[in-house]
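Asks:
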Amino acid sequence: MQEKTFIMIKPDGVKRKLVGEIIGRIEKKGYRISRITMLTISERTAREHYAEHKDKPFFNELINFITSGPVVAMVVEGEGVIEGMDKMVGATDPADALPGTLRFDYAVSKTFNIIHRSDSAQSAEREINLFFS
Ligand code: CMP
Numbered sequence: 249m250q251e252k253t254f255i256m257i258k259p260d261g262v263k264r265k266l267v268g269e270i271i272g273r274i275e276k277k278g279y280r281i282s283r284i285t286m287l288t289i290s291e292r293t294a295r296e297h298y299a300e301h302k303d304k305p306f307f308n309e310l311i312n313f314i315t316s317g318p319v320v321a322m323v324v325e326g327e328g329v330i331e332g333m334d335k336m337v338g339a340t341d342p343a344d345a346l347p348g349t350l351r352f353d354y355a356v357s358k359t360f361n362i363i364h365r366s367d368s369a370q371s372a373e374r375e376i377n378l379f380f381s
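Just so we're aligned: the sequence shown equals residues 249 to 381 in the numbering used here.
#1: How big is the Cα-Cα spacing for D367 and S316?
#2: With C-beta atoms as the reference, is F254 less than 8 Å away from V329?
#3: Identify every residue that forms a DSSP beta bridge with H364.
#4: Cβ of I257 within 8 Å of Cβ of I363?
#5: State the Cα-Cα distance for the pair V319 and E300, rounded to the nearest angstrom.
#6: Please state whether the Cβ-Cβ distance between I281 and I270 is less than 8 Å.
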């Protein structure tokens, strides 16, 4: 099924010059980047994007980190792209990420994990609307 997902290269991925590497992997997989922008997220947008985590102990650290510098936000389209990007990105904790995933190769912690992907079709729609409307 043709789907859309929301992908964001986080401030650590941008600072470490991983934008080309990540976009290359997405394109080589055959997915299509239909929207792309670089921006520094406002605290308000960050709180809305991560609203489901607002009561978690790591919430403030997550908001400080995600607003700390520019991110690259994208809409990525393709057959089964939501699950496909979930697999390409890998587990939140790099210690659990499988070889071949972006987080196995580049993430250093649960916070500094270089990339965000939508975890469902509903999240994708909500996140795309938040960043691209
Ligand atoms: P992301 O895919 O952007 O979605 C939610 C984010 O919360 C996740 O990546 C992590 O960066 C962060 N996160 C999840 N669990 C933890 C945790 N236990 N400690 C710190 N950050 C976390």
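Even glycine gets a Cβ: it sits at the ideal position worked out from N, Cα and C.
Replies: Here's the rundown:
#1: 23 Å
#2: no
#3: M256
#4: yes
#5: 20 Å
#6: no
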